[in-house]
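The structure appears below as C-alpha cells.
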Amino acid sequence: MTLKIYDTLTRRKEAFKPISGNRVYMFVCGPTLYDYSHLGHARTYVAFDVIARYLRYKGYTLFYLMNITDVEDRIIQRAEMTNRDPVELAKTLETTFHRDMKALRMNSVNLYARASEHMPEILDQIKRLIEKGYAYETKTGIYYDLARFEDFGELSHQKLDEVKKHRIDPDPTKKNPQDFTLWKKKETGPLWDSPWGKGRPGWHIEDTAISELYLGEQYDIHGGGIDLIFPHHESEIVQMESLSGKKPMARNWLHTGLLMISGERMGKSMGNSVTIADALEDYEAEVLRFFFASTHYRSPIDYTKDKLEQAKNSLETLYTALYNIKRLQTKEEKQLTDEEKKLRKELRETERKFLKAMDDDFNTPIAISHLFDMAKKINIFTAEDGIVDKKLLGEIVNSFKELGGILGVLQREKESVEEELIEKLMDLVIELRREFRNRENFAVSDRIREELRRLGITLEDTPDGMKWRKH
RNA sequence: GCCGGGGUGACUGAGAAGAUAGGUGGUGGGCUGCAGACCCACAUACGUCGGUUCAAUUCCGAUCCCCGGCUCCA
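Numbered by the working numbering, the letters in the first sequence go through residues 277 to 747 in order.
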C-alpha cells in the first residue's frame, strides 16, 4: 500500500516518495522559548509524532529534526518584563519544553537544534544571499530583496503586491515593505558578531540554516502549524531556493490545524491559554493524545472539558474490550475453534483497515474507528465464550498495542493498571476498616490488619491517618 | 480587500454520486440477586436556494454564516 500525504504546496494528496530511497528527512518548526508550551504546541507536535511513528512503522528510516528558537525578540521582551536574563529564561523554558514533550510520550525527534548554536551557519547563509545579490544591507540590518524572487507566494498563494499591508510600520530603510529581515543590527540584548556589526538573526533564517546543515538543500517533509505558512514558511522557501536554485525545498509541506479553546482562538491576550502541564494535571497523556488523534491533523480542534471527557470514556471503551478478553481462561489447543478463527480473521482485517486509513494522509479518526469495530467483535466473543486460545489472545493484545502505539495510546502497562487498582482497593479497605474502628468493632478491624499483613501489606495507624506499604 | 479551511444527528467526528461510518451521552430492551461491563434497538444528520444526474449530503453555481493567515504565533 502506498502512503498518500496532503501537500500544502500542490493542495493535493500526493503519493509519498522519499528523495533517497528508504530514508526520510523531516523538519518541524519547534517552539520559540518565550513562554511555557501550550496545548497548541502539543497538538502540532503530537500530530508530527504520530506521523513520525507511522513512517518508522512503515519501515522508513526517518531522521526527524526540530529547531529550538532560543534567540528571538519576544524572548528578550518577556525577559525584560519579568526582570530576567533572556538567555537564562530560554534555558529554563527549554527544560520545561522537554519535560512536557516527555510527559506527552513524545520520543520521535532525532535531533533538537538550537538557533544560538548555529550562528556560523546562519551568518554563512546571509553572506551567500548577499553575494548572490538577493539581499542588501541598510543602516538597520540585512534584508531579503523580494523583488529578486520570482516564485514568491507559492505556498500561501499570495501575490507579492497583495501583502503590502502590514500591522507594524515597516522599517523605512527597506526597499520594499515586504522585504523581510535576515539580520537585525542591535546594540542591546544578546548579541552576536557579524560582518555587518553586532546583532541578531531574523525570524526565518535559523530554520534554513539548520535544515541545510543537517538535511541538505532539499529534503522530504517540512511541517508546522498552519499559522506558519505565511510568512514564515514562505520566507524559508525564498531563502533556501534562491541559494540552492533547486525546488521544491521540501517535497511535502504539512500543516496542522490550530487548536481552539471553547471555540475561541487560544492566546495570551484572550486569557484562555492552557499550558501542557495544566492539561496534564487533569488528563493523562494518553487521553490527550487520543483526543488529538480523534480529529484529523489538518482540521482545527476545539479543546473543552466536555470533549476531553468524551475522549477519556472512548479510550476506556477500548481498554475494557481488552480487559474483557484478557480475563478469560486461556487454553492451548492445536486447533482454533470456528469462533476463534473468525476472530483472528477479523483481527487481520482490522490491522489492514487501520493501516489503510493511516496511508490516506494519516487519517487517524478512521483508523481509530476500526479499533472500535474490533473491540465490539472482541466483546461479542467474550460474551459467548468463556475461554480463549492463548496464542490468539496474545496476538490480539499485541496488535492493539502495536496499532495503538502508532498513535501513542493503549500503552498502559498491566503493572500500572494493577498498581492503580491496588491503590484504589487499599483506599476502600482503609475506609471500611475506619468504619469498623469507629464502631469499636476492633475484632474485625484487627482481622483486616492481620490478613493484610499475611498478604504482604503493612497497615499502620498514624496521626495522619492510616498508611499502608508493601513489605 | 486578498489567500485558505469549514458548515453533518444531543455532543463529537469521518466519508464519498447509490453502504450501517465510528465514538461519547440519552432512552428502551436483553443478560444480571443489585450495580457495572457487555449485547441489541431507537432518535426529522448532512447551512440555504438553484442546477447537472436514473440518483447528490457528496459534482457545479449562487448565497448566508463561522474559523484561520495577510510580517508575534504550533
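All C-beta atoms, glycine included, are put in the ideal place defined by N, C-alpha and C. These numbers were taken from a predicted model, which means no experiment stands behind them.
Closest Cα partner of residue i within the set the options
i      : options                           : result
Glu707 : Thr734, Lys743, Arg319 and Leu683 : Lys743
Leu423 : Val514, Thr371, Asp346 and Leu467 : As written in the sequence, residue 423 is Ala, which differs from the Leu given in the question. Measuring from the Cα of Ala423, the nearest candidate turns out to be Val514.
Gln353 : Glu689, Glu608, Tyr310 and Ser384 : Tyr310
Pro243 : Glu413, Lys334, Ala389 and Tyr579 : Coverage of the chain is limited to positions 277 through 747, which leaves residue 243 absent and any answer about it impossible.
Ser432 : Phe506, Met536 and Thr571         : Phe506
Leu631 : Glu616, Ile577 and Glu678         : Glu678
Gly521 : Ile656, Arg574, Pro446 and Gly492 : Gly492
Ile733 : Asp722, Ile724 and Arg745         : Arg745
Asn600 : Glu393, Ile656, Ala719 and Leu704 : Ile656
Ala411 : Thr358, Trp472, Arg375 and Gly465 : Trp472
Glu609 : Asp437, Ile663 and Lys435         : Ile663
Asp400 : Ala526, Glu488, Leu731 and Arg375 : Glu488
Arg332 : Ile682, Glu716, Leu619 and Lys415 : Ile682
Leu338 : Lys403, Met382, Asn386 and His317 : Asn386
Gln434 : His508, Asp447 and Gln494         : His508
Thr464 : Glu356, Met516 and Phe428         : Glu356
Glu671 : Glu711, Thr626 and Asn639         : Thr626
Distance CB(residue i)-CB(residue j) smaller than 7 angstroms
i      : j      : result
Glu613 : Leu669 : Contrary to the premise, residue 613 reads as Thr rather than Glu in this sequence. No, the Cβ-Cβ distance between Thr613 and Leu669 is not below 7 angstroms.
Phe303 : His498 : yes
Leu285 : Trp529 : yes
Ala391 : Val322 : no
Val300 : Asp483 : no
Thr457 : Gly417 : yes
Arg319 : Ser384 : no
Tyr573 : Leu315 : no
Lys621 : His646 : no
Arg713 : Ile724 : no
Ala245 : Ile654 : Absent from the model: residue 245. The displayed extent of the chain is 277 to 747, so no value can be given.
Ala643 : Ala659 : no
Pro227 : Pro362 : Since the first and last residues shown for the chain are 277 and 747, residue 227 lies out of range.
Lys588 : Val563 : yes
Distance, residue j Cα to residue i Cα
i      : j      : result
Leu584 : Arg541 : 18 angstroms
Asp455 : Glu510 : 12 angstroms
Asn674 : Ala651 : 14 angstroms
Leu556 : Leu380 : 8 angstroms
Asn452 : Asp421 : 8 angstroms
Phe324 : Gly501 : 10 angstroms
Glu407 : Glu413 : 11 angstroms
Leu350 : Met702 : The sequence given here has Arg at residue 350, not Leu. Using only the alpha carbons, I get a separation of about 50 angstroms.
Phe568 : Leu594 : 16 angstroms
Ala366 : Ser313 : 12 angstroms
Phe292 : Asp637 : 10 angstroms
Lys450 : Asp635 : 46 angstroms
Pro477 : Trp459 : 4 angstroms
Asp649 : Lys667 : 21 angstroms
Leu535 : Ser470 : 39 angstroms
Glu397 : Ile698 : 55 angstroms
Arg360 : Pro641 : 44 angstroms
Leu735 : Glu560 : 30 angstroms
Arg688 : Asp665 : 23 angstroms
Asp661 : Phe676 : 20 angstroms
Lys617 : Leu604 : 17 angstroms
First and last residue of the uninterrupted alpha helix (DSSP H) at residue i
i      : result
Gln605 : Counting along the chain, Gln605 falls outside any alpha helix (DSSP H), though it belongs to the beta strand (DSSP E) covering Gln605 to Lys607.
Glu491 : In the sequence as displayed, the identity of residue 491 is Leu instead of Glu. Per DSSP, Leu491 belongs to the alpha helix (DSSP H) from Ile481 to Leu491.
Val720 : Phe718 to Arg730
Gln413 : Reading the sequence as shown, one finds Glu at residue 413 and not Gln. Premise fails: Glu413 lies in the beta strand (DSSP E), Ala411 to Glu413, not in any alpha helix (DSSP H).
Thr449 : Neither: Thr449 is in no alpha helix (DSSP H) and is coded neither H nor E.
Glu671 : Lys666 to Leu683
Thr658 : Thr640 to Glu660
Gly316 : Leu315 to Tyr333
Lys460 : Lys460 -> not in any alpha helix (DSSP H); beta strand (DSSP E) instead, spanning Thr457 to Lys461.
Supposed close pair residue i, residue j - CB separation, criterion 8 angstroms
i      : j      : result
Thr345 : Pro307 : 7 angstroms
Phe373 : Ser518 : About 32 angstroms; that fails the 8 angstroms criterion.
Tyr282 : Ala389 : Not confirmed; about 26 angstroms, so no contact.
Val705 : Phe566 : About 32 angstroms; that fails the 8 angstroms criterion.
Trp468 : Met395 : 5 angstroms
Continuous beta strand (DSSP E) stretch holding residue i: start and end
i      : result
Leu338 : Thr337 to Ile344
Met634 : Looking at the DSSP string, Met634 is not in any beta strand (DSSP E); the run it does join, the alpha helix (DSSP H), is Asp614 to Asp635.
Tyr579 : Ile577 to Tyr579
Gly501 : Tyr495 to Gly501
Leu380 : Taken as a continuous stretch (DSSP letters only), Leu380 belongs to no beta strand (DSSP E), as it is neither H nor E.
Arg299 : Arg299 to Val304
Lys289 : Arg288 to Ala291
Glu420 : A small correction: the amino acid at residue 420 is Tyr; Glu does not occupy that position in the sequence shown. Its beta strand (DSSP E) spans residues Gly417 to Tyr420.
Asp283 : Lys280 to Asp283
Arg424 : No beta strand (DSSP E) holds Arg424; DSSP gives it neither H nor E.
Arg350 : Where Arg350 is concerned, there is no enclosing beta strand (DSSP E), although the alpha helix (DSSP H) it sits in stretches over Asp349 to Met357.
Residue i: CB within 6 angstroms of a non-hydrogen atom of the ligand NAD
i      : result
Glu356 : This structure simply doesn't include the ligand NAD, nor any ligand for that matter.
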